[in-house]
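Residue numbers (the working numbering): 450 to 566.
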């Protein structure tokens, strides 16, 4: 009987721990959402994982990485635009070179410029 009480006490402590941490409430909400889902998903476990992940607070490191990705996308778009403008300028120079310089200089410059194109 004493062994039974010790087991029961440990379970009650664990239950209080889960309740205090918000685990029971989160599990209840996700299970209710699954219950109320009109079309049950093929994998209930994937549903739980997905919805429990959505309930988790955002990790500051993840948010920092999202900001970094957004900044990199902006820089990438700026570099693409700059590249486009530079290619247009090179094309203009190539056209003007073809009509204004000696054959040797022209072919050397065209070869040089085409390396960057």
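We treat Cβ as the ideally placed atom computed from N, Cα and C, and that holds for glycine.
Answer yes or no: do residue i and residue j have a C-beta to C-beta separation smaller than 9 Å?
i           : j           : result
residue 497 : residue 480 : yes
residue 501 : residue 493 : no
If you run the structure through DSSP and keep just helix, strand and coil, what is residue i?
i           : result
residue 456 : helix
residue 461 : helix
Which residue marks the beginning of the alpha helix (DSSP H) containing residue i, and which one marks its end?
i           : result
residue 485 : 472 to 485
Write down every uninterrupted run of the alpha helix (DSSP H) in the segment 489 to 547 whose length is 4 residues or greater and which is fully enclosed by it, in chain order. The segment 489 to 547 contains, as complete alpha helix (DSSP H) runs of 4+ residues, the segments 493 to 504 (chain order).
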